[in-house]
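A.B. asks: Before I ask anything, let me first share the structure, which is written out below as structure tokens.
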Amino acid sequence: MATYQQIFKDKKDFEEQYRAACQAELGKTFEQCSLLEQFQVLAKLVASKGNAQLPVSHTTDEKKVYYFSLEFLIGPLLDNYLINYGARDLVADAMKDMGSDLDAVCRQEVDPGLGNGGLGRLAACFLASMAHNGIAGYGNGMRYRYGLFHQDIEGGRQVETTDNWLANGFPWETRKDASAVLVRFNGHVVRHEGADGKYWFTEEGGDLVRAVPYDVPIIGYAGKVVNKLRLWSAEPASEDFDLDAFNDGDYAKANKFRSDVEAISTILYPNDAGEHGRLLRLKQEYLFVSAGLQTILRTYEKQYGPKWEDLGKHVCVHTNDTHPAMCGPELMRILVDEKGVDFDLAFKIAHETVSFTNHTVMPEALEKWPINTFRNLLPRLYMFIEEIDRRWRDGLSEKLAEGANWNDVLRNTAILWDGQVRMANLSIIFSHSVNGVSALHSDILKRETFHDFAQMEPGLFNNKTNGVTHRRFLREANPSYSKIITEAIGEGWLNDADELKKLEAFESDASFLSSMDEAKKVNKERLAAYVKETSGIVLDTNMVFDVQVKRFHAYKRQLLSVFKVLDLRNRILDDPNFEIQPTAFIFSGKAAQSYTFAKEVIRLINSLADVVNNDFRVNEKIRVAFVPNFAVSNAQYIYSAADISEQISLAGTEASGTSNMKLMMNGALTLGTLDGSNVEISELVGPENIKIFGMKTEEVEELQRSGRYYAWDMYNNDRGRTGRIVDQLTDGTLANLSGNFESVHDHLMVENDPYLVMADFHSYVRAWEELTAGYSDRAAWNKSALHNTANAGFFSSDRTIAEYTADIWHI
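Okay, structure coming up:
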């Protein structure tokens with residue numbers, strides 16, 4: 099049993115502290131507090147315990163890791179932190195005695211609008227595991243006033259509304275005015291020369307922005323280590339208020355500078371369809387990079403003095419994808435311009451300090467910025483990038499692998515090319531380590547995406563398969579299943595996920611398998627109630643819950659799921675005796691505001707739900723639900739209730755995926771392609787405990803290279819099923835809710851089905867039918883589900899962080 103950092107001696111001590119906090123914070127008795135106020139006071143009380151530990155969590159001369167990410171999808175924290183302190187049961191019992199309900203209080207917490215998808219959730223899991231593993235690991239990101247957006251569904255369409263997550267404050271954060279720093283945009287570079295002929299540069303003028311940090315405690319399991327997540331907010335460096343304009347009634351002009359500055363930290367991923375949105379995003383990326391590095395160097399200098407050559411021995415700066423790609427050149431700029439370090443030494447220091455995780459295999463998805471935009475906004479930083487790019491070009495001949503063509507390699511590896519600053523290449527050249535996030539993904543990076551870099555420096559690249567924190571996504575998300583796991587094998591699995599392997603001993607235990615059924619029923623009922631509340635759709639909890647929940651993108655192939663459901667509907671209507679395992683198909687996820695195709699697929703799913711759920715001829719066999727506003731909180735309801743985990747991206751396109759890990763932890767069986775970390779899941783659980791379909795990566799690559807794939811052949815050769823579904827996109831079958839789907843039709847037939855939906859369709863449907871045919875044998879199904887849980891320990895982020903620690907950060 100874990101030894102917890104005790105924050106409350108017993109129920110009496112908790113109640114005394116809680117009542118006193120209500121009085122101190124709100125001037126009210128506990129009984130006078132609303133549920134929201136009860137949450138706010140309790141969260142501040144727990145946060146105060148964490149903040150009190152922050153100064154003493156790392157007392158030795160430890161190497162520090164600073165994890166830079168534009169997203170940290172941390173989710174609600176109260177329930178998680180009470181679990182980590184081992185205080186949840188005590189607090190729940192005490193609150194029940196006080197006439198309240200901890201579950202109801204926890205539901206008052208909103209999802210912080212600090213991230214969107216897997217990238218941000220991975221960053222949050224990594225922070226949790228760094229604290230668990232005893233690493234001095236600190237997050238560095240942006241404090242967005244509003245999240246990406248709140249997703250509503252109106253007429254089947256995604257409607258984006260403001261995600262005002264800070265409306266009631268954020269009780270976990272502490273503003274640190276004394277640690278604010280200045281960041282400059284749109285300045286001009288001035289060259290100075292001394293009497294000795296030496297010269298240097300300064301950047302002057304432009305707009306000065308004050309970056310103000312807010313710190314959030316990251317409480318590790320058992321409460322022994324507390325790290326912090328630092329989030330930056332943009333404010334004017336001076337009160338540039340136009341009094342004359344205000345007195346003339348032009349209030350917008352009077353506050354224009356403040357509004358322009360505060361816009362930098364107003365929203366996550368501003369719509370980048372226009373130049374103003376792209377410029378705002380570039381400002382975001384530079385602000386949190388520059389502010390974070392200034393703080394790191396200030397802290398380092400206080401402890402070690404100006405021994406900059408040793409920075410990499412004491413500090414790791416890890417960049418999560420290309421959004422923090424400016425860490426390398428910005429670290430150089432500060433060292434050279436402000437600390438007087440030689441240019442060559444500054445590059446060496448940056449290279450030793452910075453490491454990079456890549457999250458995509460698709461070259462077209464790699465981040466790029468127009469040179470003119472970049473240079474105008476950040477002229478001095480651009481000079482460093484330009485010089486490093488020049489040196490890269492000059493030294494390329496010495497690095498070339500045997501037989502490589504200089505021009506081809508330069509085209510693929512230069513930072514500056516075709517009028518663009520290429521952020522992935524910038525990240526690679528400045529990093530001492532580049533890693534992918536699944537075995538397949540890392541192989542594709544070396545073989546395809548960054549082939550020339552890997553040929554020149556193969557030791558630079560490595561794999562670190564993603565992981566998720568099982569304490570949130572199993573223990574917190576699924577209390578009913580967690581309870582029977584702990585009763586069977588003890589609570590050691592919370593500290594060491596590998597102990598889940600002990601569950602294999604219960605795979606033939608009828609009593610345990612029966613308890614699994616009961617736990618799943620509880621979770622399905624919880625999800626069904628939530629779906630009815632949020633969408634009005636009624637789910638039959640006796641059905642298979644088939645789940646596909648993730649960001650909407652063409653390569654993730656939510657459209658392939660639609661094809662399957664439409665095909666099942668058509669076959670049921672054609673043959674009333676056609677039998678399948680009754681199934682509820684549950685979708686959730688957001689589409690980027692400017693991603694028209696993805697938004698059309700969301701509309702298509704909701705139109706399909708309207709058609710299926712309101713047709714008595716089919717709705718006893720299939721139902722469809724779209725859960726709006728996918729977030730960490732409602733994801734936990736979905737993961738725990740799922741029977742089938744849909745992981746059906748086109749092979750070779752998904753870097754890793756983490757929903758597959760969360761779902762297998764909760765006993766869902768994976769239906770998927772051999773893509774991303776599905777490959778590793780398959781190897782761990784064995785072919786009998788996963789259902790794989792479709793083309794493999796090499797088959798996809800060969801088909802795409804050959805140019806032999808024609809969507810019209812797929813259509814014409816199978817008019818009865820595939821062709822019929824394509825026709826139904828535009829023939830009025832699905833038009834009742836909001837119209838036809840011409841753009842989806844054109845994506846398939848005019849754009850030649852770029853993600854091979856029709857090519858994998860029949861293999862997919864057969865695999866689904868074979869998988870669901872086994873659901874009626876509950877003992878066999880639960881045995882397979884339990885085997886998935888038992889082998890999910892590998893996918894704990896504790897393991898991933900241990901590998902980063904040993905192989906990349908060298909702690």
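For the sequence shown, position 572 (counting from the first letter as 1) is numbered 670 according to the numbering used here, and the numbering increases by one without interruption.
All C-beta atoms, glycine included, are put in the ideal place defined by N, C-alpha and C.
In this text the structure is predicted, and so the values were computed from the model without any measurement.
Around the Cβ of leucine 176, are there at least 16 other Cβ atoms within 10 angstroms (buried) or fewer (exposed)?
C.D. replies: buried
A.B. asks: Check the DSSP bridge columns for tyrosine 367 and list the partner residues they point to.
C.D. replies: Beta-bridge pairing links tyrosine 367 to no other residue.
A.B. asks: Give, in chain order, every unbroken run of the beta strand (DSSP E) that is at least 3 residues long and sits entirely within the stretch 103-134.
C.D. replies: Within the stretch 103-134, no run of beta strand (DSSP E) reaches 3 residues while sitting entirely inside it.
A.B. asks: Kindly confirm or deny that the stretch 557-574 and the stretch 224-238 touch, where touching means at least three C-beta pairs closer than 8 Å.
C.D. replies: yes
A.B. asks: Just to confirm my understanding: we take cysteine 425, look at its own chain, exclude 5 residues before and 5 after, and list those with CB closer than 7 Å. What are they?
C.D. replies: Phe166, Val387, Leu391, Val415, Thr417 and Val452
A.B. asks: Thinking valine 663 and valine 725 are a contact (beta carbons under 8 Å), I'd like their distance in whole angstroms, please.
C.D. replies: Going by Cβ atoms, the distance from valine 663 to valine 725 rounds to 16 Å, so no, they are not a contact pair.
A.B. asks: Which whole-angstrom value describes the C-beta separation of serine 926 and lysine 881, a residue pair presumed to lie in contact below a C-beta threshold of 8 Å?
C.D. replies: Residue 926 falls outside the range modelled here, since the chain spans only 99 to 909, and no answer is possible.
A.B. asks: Considering only residues of the stretch 459-538, which uninterrupted beta strand (DSSP E) runs meet the minimum length of 3 residues and lie entirely inside it, listed in chain order?
C.D. replies: 466-468, 518-520 and 532-534
A.B. asks: By the 10 Å Cβ neighbour count, where 16 or more other Cβ atoms means buried, how is glutamine 826 classified, buried or exposed?
C.D. replies: So glutamine 826 ends up on the buried side.
A.B. asks: Rounded to the nearest angstrom, what separates threonine 887 and arginine 876 at their Cα positions?
C.D. replies: 16 Å
A.B. asks: Run through DSSP, which three-state label would leucine 592 get?
C.D. replies: helix
A.B. asks: Would you mind working out which of Ala320, Leu220 and Trp866 sits nearest isoleucine 105, comparing C-alpha positions?
C.D. replies: Ala320
A.B. asks: When the distance is taken between beta carbons, is proline 311 closer than 8 Å to arginine 328?
C.D. replies: yes
A.B. asks: If I measure Cβ to Cβ from isoleucine 527 and keep anything under 7 Å in the same chain, skipping five residues before and after, which residues do I get?
C.D. replies: For isoleucine 527, where only same-chain residues beyond five positions count, the Cβ hits under 7 Å are Ile486, Trp490 and Ile513.
A.B. asks: State whether the stretch 647-657 contacts the stretch 750-758, with contact taken as three or more CB pairs (one from each stretch) at a distance under 8 Å.
C.D. replies: yes
A.B. asks: Out of Phe283, Phe268 and Gly303, state which residue places its alpha-carbon closest to the alpha-carbon of alanine 332.
C.D. replies: Phe283
A.B. asks: According to DSSP, is histidine 860 helix, strand or coil?
C.D. replies: helix
A.B. asks: Classify valine 208 as helix, strand or coil using the three-state DSSP reduction.
C.D. replies: Valine 208 falls in the coil class under three-state DSSP.
A.B. asks: Of all the options Phe268, Arg509, Leu171 and Asn470, which has the alpha carbon lying nearest to the alpha carbon of alanine 221?
C.D. replies: Leu171
A.B. asks: Identify the residues that DSSP records as bridge partners of aspartate 644: which are they?
C.D. replies: Phe683 and Ile742
A.B. asks: What do you get for histidine 248, buried or exposed, if any count of 16 or more other CB atoms within 10 angstroms of its CB means buried?
C.D. replies: buried
A.B. asks: What did DSSP end up calling lysine 411 once you bin it into helix, strand or coil?
C.D. replies: helix
A.B. asks: By the three-class DSSP mapping on this structure, what secondary structure does glycine 237 have?
C.D. replies: strand
A.B. asks: If you check the beta carbons only, do lysine 162 and tyrosine 236 fall under 8 Å apart?
C.D. replies: yes
A.B. asks: Within 10 angstroms of its Cβ, does glutamine 130 collect 16 or more other Cβ (buried), or is it exposed?
C.D. replies: exposed
A.B. asks: Work out the CA separation of aspartate 506 and threonine 458 for me, nearest whole Å.
C.D. replies: Those two C-alpha atoms are separated by around 22 Å.
A.B. asks: Tell me, to the nearest whole angstrom, how far the beta carbon of phenylalanine 445 is from that of valine 519; I am working on the premise that it is less than 8 Å.
C.D. replies: Phenylalanine 445 to valine 519, Cβ: 17 Å. No contact.
A.B. asks: Closest by CA to aspartate 370, which one among Ser363, Thr364 and Arg379?
C.D. replies: Arg379
A.B. asks: Can you tell me which of Ser132, Leu152, Gly218 and Glu258 puts its alpha carbon nearest to the alpha carbon of arginine 205?
C.D. replies: Ser132
A.B. asks: Measure the C-alpha to C-alpha separation of histidine 374 and lysine 381 and round it to an integer number of angstroms.
C.D. replies: Going from the Cα of histidine 374 to the Cα of lysine 381 covers about 11 Å.
A.B. asks: For the beta strand (DSSP E) that contains serine 841, what are its first and last residues?
C.D. replies: Boundaries for serine 841: no beta strand (DSSP E) harbours it, while the alpha helix (DSSP H) harbouring it runs 840-847, taken from the DSSP string.
A.B. asks: Count Cβ pairs between the stretch 866-873 and the stretch 669-679 that sit closer than 8 Å; are there 3 or more?
C.D. replies: yes
A.B. asks: To the nearest angstrom, how far is it from the Cα of alanine 389 to the Cα of tyrosine 164?
C.D. replies: Whole-angstrom Cα-Cα distance: 12 Å.
A.B. asks: Go to threonine 455, then tell me how far its beta strand (DSSP E) extends in each direction, as first and last residue.
C.D. replies: 452-455
A.B. asks: Output the boundary residues of the alpha helix (DSSP H) element that contains histidine 156.
C.D. replies: Note, histidine 156: premise wrong, no alpha helix (DSSP H); not H, not E.
A.B. asks: Can you name, in chain order, every residue of its own chain whose Cβ lies under 7 Å from the Cβ of glycine 156, other than the five neighbours on each side?
C.D. replies: According to the sequence shown, residue 156 is histidine rather than glycine. The answer, listed in chain order, is Ala234.
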